[in-house]
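Read top to bottom, the protein sequences are chains A and B.
In terms of the numbering used here, the first sequence opens at residue 357 and continues consecutively.
In terms of the numbering used here, the second sequence opens at residue 371 and continues consecutively.
Notes for the one structure printed next.
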Amino acid sequence: MDPDLVLLLNGIVSGLLLGGLYAAAAAGLSVSFGMLDVVNIAHPAFMVLGAMLVALLWGATGIDPLVLSILLTPAFWALGAALYVAYHHFFERRGDEAIQGLAFFFGVLFIIEVGLVLTLGPEQHFADASYANTTIQLGEVDLPLRMLVPMLVSLLAIGGLSLFLRRTFMGRAIAAVAQDREALRLLAIDPVRVKRLAFGISIALAALAGGALVVVQPVDATSGHVFIGRVFAIVIMGGLSSLGGCVLAALAFGVVENVTATFYGPSWSPAVAFGCLLLVLAVRPQGLFGRAA
Amino acid sequence: MAASLLIEDVDAAYGAVRALDGVSLRVDSGETVALLGTNGNGKTTLMRCILGLLKPTRGRISVTIDGVTTDLVGRSPEDIVNLGIAIVPEGRRLFPRLSVEENLLLGAYRRAARPSIPRHLEFCYEAFPRLKERRSQAVGSMSGGEQQMVALGRAVMCAPKILLVDEPSVGLAPILVARTIEKIAELKEKLGLTVLMAEQNFHQAIRIADRGYVLVHGHVEFQGDSPAALGDSELVRKFYLGL
């Protein structure tokens, strides 16, 4: 095969795999920012917190990192629910959420990072999965399991969440709560309870994304930084409240970044990827997959 | 299935602005009562008080459902709706990015309404065939008339005993107003509801009302015990008919 074509094919496939990691990182934000209108800028920091805890637990037990991250989700759900209660009490309830709420989550981000540096040190932590060094080869295309398995686990979780949102009463209430919270109260639904539960889910997804992250690469306290811009871009590009759109946008973002990096060098990839975001927003302000209201 | 609503001497205010002044009215079981008055006279404020969205500064609001009387003042809207009181709010207040069916199903969120979901959903689709055709369409992309159907359907899904309707005619073409009003009467008849309807379109409201109250500046100025009595009142002639 033409070597350029092989390069392109591999660029696309590893872009999709990278996109899978982005999807894991962005899905939780798609719930908090897209559905609940909570601008949780600390979301990637929660992912890193999850990744570091997984690395720590892996060192102690040797259990598979992704299994560990799944075991962490109930604790992260509770953490998210508690954080929402505080956020609601001090900001949202008073209608101060726009700027002060953003500052609140900015503060949470730094507290997590500094907390991680103080307790676990500034160095990189890692967790090896048993399949980390296996690569499936499909003809000329490489499929490293180190990328593929976390992606599949994340997509499975996102698929499950999507079913939950569409098929259950609570799921529909979550989808509705940012659109008109007072109208929910008139249907005997407590919007604060709905948002607390949903925000817990978004942070639980961050723990899962952390498990995926630490399988893919070693992490340190600031590993979340490169994700902040990307996850917001992906959620916006995906149409804010659509999980399916979020996944597709994440895959597209990964492919654009990776193909650009393959042919023009990695320094171009964020510029091209965010350029695509601007283009998308110029042509379709509601995002690629958003429903116009 | 008896359900009645009693409002006694209710005052309410937005800050220093007095919105209701000693309002008393009752809706007996199985009645349709019209709450008349032009814009800004307190109809929506009274609805908000009944639903617990605004706390009256004085007075008592209570419902009696199946022999059990419950005071509403001081309860949360969630509790009040959960007693079996549904509202079709002014401006409909639907969830525009959700589909017709998702909106309808949200109406049946409360536990007491869930067992009757299949029956009520069928009822809605029979009463509004258009909604069945468009069940997966996002509500925000539908016309005002269709949205009003969804709002009525969503209230039906709540499995209410008492139905509050706030300004169903606002924003609708005249032909749709007439149809909406007829649908309210139909729902009331078939589901055995007790209805309180705030409406500024006098002619349409008295087509289906058994009785009515006229609110002026937050005060009940006139109480008509029949549609004819309302039509004959000096006040109504002055305010509505321009005579």
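Cβ atoms here follow ideal geometry from the backbone N, Cα and C, with glycine treated the same way.
Open item on the list: Whole angstroms are fine: how far does the CA of Asn-473(B) sit from the CA of Leu-522(B)?
Closed with: 11 Å
Task: CB contact flag (Met-403(A), Leu-472(A), <7 Å) - done: no
Open item on the list: Does any residue of chain B have a CB that is nearer than 7 Å to the CB of Asp-536(A)?
Closed with: yes
Task: Backbone CA spacing between Val-458(B) and Ser-518(A) [nearest angstrom] - done: 29 Å
Open item on the list: Counting only Cβ pairs nearer than 8 Å, list the residues of chain A close to Tyr-583(B).
Closed with: Simply none; closest approach about 23 Å.
Task: Distance between Gln-570(B) and Ile-576(B) (C-alpha atoms, nearest Å) - done: 11 Å
Task: 8 Å CB neighbourhood of Tyr-487(A) in its chain, flanking five on each side removed - done: Leu-501, Arg-502 and Val-505
Open item on the list: Given this structure, state the Cα-to-Cα distance separating Pro-641(A) from Arg-467(B), to the nearest angstrom.
Closed with: 15 Å
Open item on the list: Strictly below 7 Å CB to CB, what residues from chain B border Leu-543(A)?
Closed with: Val-451, Leu-476, Gly-477, Tyr-479 and Cys-528
Task: Residue-level contact to chain B via CB, Phe-645(A), 7 Å cutoff - done: no
Open item on the list: Just to make sure I have the definition right: I need the residues of chain E whose C-beta is within less than 8 Å of the C-beta of Ile-377(B). Which are they?
Closed with: Considering every chain present, this structure includes no chain E. Its protein chains are A and B.
- [ ] Specify the secondary structure class of Thr-414(B) as computed by DSSP and reduced to three states.
- [x] helix
TODO: Quick one: list the residues of chain B neighbouring Phe-461(A), beta-carbon separation under 9 Å, in chain order.
DONE: Those within 9 Å of Phe-461(A) in chain B number zero; the least Cβ separation is about 24 Å.
Open item on the list: Taking the straight line between their C-alpha atoms, what separation do you get for Leu-372(A) and Ala-508(B)?
Closed with: 31 Å
TODO: Quick one: give me the first and last residue of the beta strand (DSSP E) that Ile-435(B) is part of.
DONE: 428-435
TODO: Could you run through the segment 518-532 of chain A and flag, in chain order, every residue whose CB is less than 7 Å away from some CB of chain B?
DONE: Phe-525, Arg-528, Ala-529, Ala-531 and Ala-532
Task: Close beta carbons around Phe-447(A), own chain, < 8 Å, minus the five adjacent residues each side - done: Glu-453, Gln-456, Gly-457 and Phe-460
TODO: Mind checking the segment 495-513 of chain B against chain A and listing, in chain order, the residues whose C-beta falls within less than 8 Å of any C-beta there?
DONE: Ala-508, Gly-510 and Ser-511
- [ ] Can you grab the Cα-Cα spacing for the pair Ala-720(A) / Ile-468(A), in whole Å?
- [x] No answer is possible for residue 720(A): the residues shown for chain A start at 357 and end at 649.
Open item on the list: Quick check on DSSP: helix, strand or coil for Val-540(B)?
Closed with: coil
Open item on the list: For Leu-468(B), would you say it is in contact with chain A, using Cβ-to-Cβ distances shorter than 7 Å as the test?
Closed with: yes
TODO: Output, in sequence order along the chain, the residues in the segment 432-459 of chain B whose CB is closer than 7 Å to any CB in chain A.
DONE: Pro-447, Glu-448, Val-451, Asn-452, Ile-457 and Pro-459
TODO: Go ahead and pull the three-state DSSP assignment for Tyr-384(B).
DONE: strand
- [ ] Spell out a yes or no on whether the segment 381-397 of chain A and the segment 588-608 of chain A are touching, meaning 3 or more CB-CB pairs, one atom from each, closer than 8 Å.
- [x] yes
TODO: Decide yes or no for the touch test of the segment 533-552 of chain B against the segment 610-628 of chain A: beta carbon pairs closer than 8 Å, at least 3 of them.
DONE: no
Task: Short CB-CB distance (under 7 Å) between Asp-546(A) and chain B - done: yes
TODO: Examine chain B for any beta-carbon lying closer than 7 Å to the beta-carbon of Ala-539(A), and answer yes or no.
DONE: yes
Open item on the list: So that I know if they touch, is there some Cβ in chain A lying closer than 7 Å to that of Glu-472(B)?
Closed with: yes
- [ ] Give the straight-line distance between the Cα atoms of Glu-552(B) and Val-464(A), rounded to the nearest whole angstrom.
- [x] 55 Å
TODO: Under 6 Å Cβ to Cβ from Phe-465(B), same chain only, skipping five residues before and after it: list those, please.
DONE: Asn-473
- [ ] Look at Leu-376(B) and Gly-412(B) and say whether their C-beta atoms are less than 7 Å apart.
- [x] no
Task: Identity of the residue in Ala-562(A), Leu-374(A), Ser-425(A) and Asp-393(A) nearest Val-548(A) by Cα - done: Asp-393(A)
- [ ] For Gly-601(B), I'd like the list of residues in its chain whose CB is within less than 7 Å of its CB, leaving aside the five on either flank, ordered along the chain.
- [x] Ile-576
Task: Under the three-state DSSP convention, the category Phe-645(A) falls into - done: coil
Task: Contact list for Ser-597(A) against chain B, beta-carbon separation under 9 Å - done: Arg-467
Task: Coil, strand or helix - Pro-500(A) by DSSP - done: strand
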